[in-house]
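Novice:
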Amino acid sequence: MTLNIEKIIESYVKNITLKQMIIVPAIFLLLSFFILGYTTYRTSVLVEPGMEKDCNTKVLWGYCIGSPVELGVEFKGGTAIIFDSPKTPDELKAEFHGYPVTQAREYGGQDRKMVQFGTMTESVHEELTNKVNSEYTNVEIRQMGEVVSKPLQEQAVRAIILSFLGMAIVVYIIFRTFVPSMAVVISAFADIAFAAAMMNVFGVVLSLGTVAGLLMLIGYSVDTDILLTTRLLKRKGELNEKIIGAMKTGLTMTMTTLAALVALYLVSSGSYIISSFTRIDIIRDISMVLIFGLIADIVNTWTTNLGILKWYMEKGKIKEKTIEKPKNRRQTA
């Protein structure tokens, strides 16, 4: 089995061209941009004239611009109500259709459910609270206003941007060359874009936990990129042999991490598999973000980053040959 994998890696490195390497990651990135753009359009709201100040984001063409990722209660304000009920999340959504329901989900295993609502007036909120307290047991109500949620949005965006910039600066300091450094940054950006897009597809909202997952993903994705770049730029040997060695090590690292994350996801979603397990939503969401990000990292590191580095090094060798030829002619003369 190991020999077969080694042969596949060797065949991939020796036979695939730069154009072929770019196709799959380009499709991934375009798909990610389409999903993020569609979510932004879907969450945008038409603003009435004179009400622009009530918009938490920028106003463009009369619309309050939405978010590329579905926001949780922490970031857009609202109410989360947790209670015991044998009903499914879809049944609960239908029951509360008269209120601004944003999400209904399992919570903590057994019959525990959580229903999240958007912002509402005080009278509607009181009516909803009375309804839940009268019809369900073991009720918990968590409310967060826009005054708190807006600063959290700004802090989350700032944290991701600063982490990304810090990573780019460190990578440039390590390698001191523009093209390899930009290849690492492009691969990391593509990983985060794909993970965010898959959050929308699978209904994972942006919460404080998933923001932590995206920040962790920056470190995970850069890890294999730096491994590849270091092997190719700072080690001696034939180029394809260095690539094959880097792929063996990098894929082993990534697959090991993926196996651990899949196990983490299964355990945190245990109420679906074993009823005695407790569901831990925040761990489940973080593990999903990292799983999607690492799947994208396999594609982006070993196609996008590898293709750019291979082109960069082969171009450098051509330059060396053109410089050496005049020297040889002078020596001959």
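The opening residue of the sequence shown carries number 5 in our numbering; numbering runs sequentially from there.
By construction, the Cβ of each residue, glycine as well, lies at the ideal position given by its N, Cα and C atoms.
Small disclaimer: the values here were computed from a predicted structure and weren't measured.
Quick check on this structure: which residue in 212, 28, 185 has the alpha carbon closest to the alpha carbon of residue 237?
Specialist: Start at 1 with the first residue of the sequence shown, and residue 237 comes out as number 233. Ranking the options by Cα distance to residue 237, first place goes to 185.
Novice: Cutting at 8 angstroms between CB atoms, please list the residues of its own chain near residue 70, excluding the five before and the five after it.
Specialist: Here residue 70 refers to the residue found at position 66 when the sequence shown is read from its first residue. If we look at residue 70 and ignore the five residues flanking it on each side, its Cβ neighbours are 43, 44, 45, 46, 47, 48, 49, 61.
Novice: Would you give the residue range spanned by the alpha helix (DSSP H) that residue 251 belongs to?
Specialist: Locating residue 251 in the sequence shown gives position 247, counting from the first residue. Per DSSP, residue 251 belongs to the alpha helix (DSSP H) from 243-272.
Novice: Output the distance between the C-alpha atoms of residue 342 and residue 287, rounded to the nearest integer angstrom.
Specialist: Absent from the model: residue 342. The displayed extent of the chain is 5 to 337, so no value can be given.
Novice: Hey, could you find the ends of the alpha helix (DSSP H) residue 86 is sitting in?
Specialist: One-based indexing of the sequence shown puts residue 86 at position 82. Taken as a continuous stretch (DSSP letters only), residue 86 belongs to no alpha helix (DSSP H), being part of the beta strand (DSSP E) at 82-88.
Novice: Between which two residues does the alpha helix (DSSP H) carrying residue 123 extend?
Specialist: Translated into positions along the sequence shown, residue 123 becomes position 119. Segment: none, residue 123 is in no alpha helix (DSSP H) and carries neither H nor E.
Novice: With burial defined as no fewer than 16 other Cβ atoms inside 10 Å of the residue's Cβ, what is the status of residue 166: buried or exposed?
Specialist: Locating residue 166 in the sequence shown gives position 162, where the first residue counts as 1. With fewer than 16 other Cβ atoms within 10 Å, it is exposed.
Novice: With residue 136 and residue 143 assumed to form a contact (beta carbons below 8 angstroms), what rounded beta-carbon distance in angstroms separates them?
Specialist: Counted from its first residue, the sequence shown places residue 136 at position 132. Counted from its first residue, the sequence shown places residue 143 at position 139. Going by Cβ atoms, the distance from residue 136 to residue 143 rounds to 6 angstroms, so yes, they are a contact pair.
Novice: Could you give the C-beta distance for residue 203 and residue 293, rounded to a whole number, given that I count them as a contact under 8 angstroms?
Specialist: Here residue 203 refers to the residue found at position 199 when the sequence shown is read from its first residue. Here residue 293 refers to the residue found at position 289 when the sequence shown is read from its first residue. Yes, they are in contact, since the Cβ atoms of residue 203 and residue 293 sit about 7 angstroms apart, within 8 angstroms.
Novice: Going along the chain, which unbroken runs of the alpha helix (DSSP H) with 4 or more residues stay wholly within the segment 143-205?
Specialist: For the segment 143-205, whole alpha helix (DSSP H) runs of length 4 or above, ordered along the chain, are 150-179, 182-205.
Novice: Under a three-way DSSP split, which group does residue 338 fall into?
Specialist: Outside the shown range of the chain, which is 5 to 337, sits residue 338, and nothing can be said about it.
Novice: Keeping to the same chain, check which residues put their C-beta closer than 6 angstroms to that of residue 108; ignore five residues upstream and five downstream.
Specialist: If you number the sequence shown from 1, residue 108 lands on position 104. Only 93, 96, 97, 119 meet the Cβ criterion.
Novice: Span of the alpha helix (DSSP H) holding residue 44?
Specialist: On the sequence shown, residue 44 is found 40 positions in, with the first residue counted as 1. Its alpha helix (DSSP H) spans residues 22-47.
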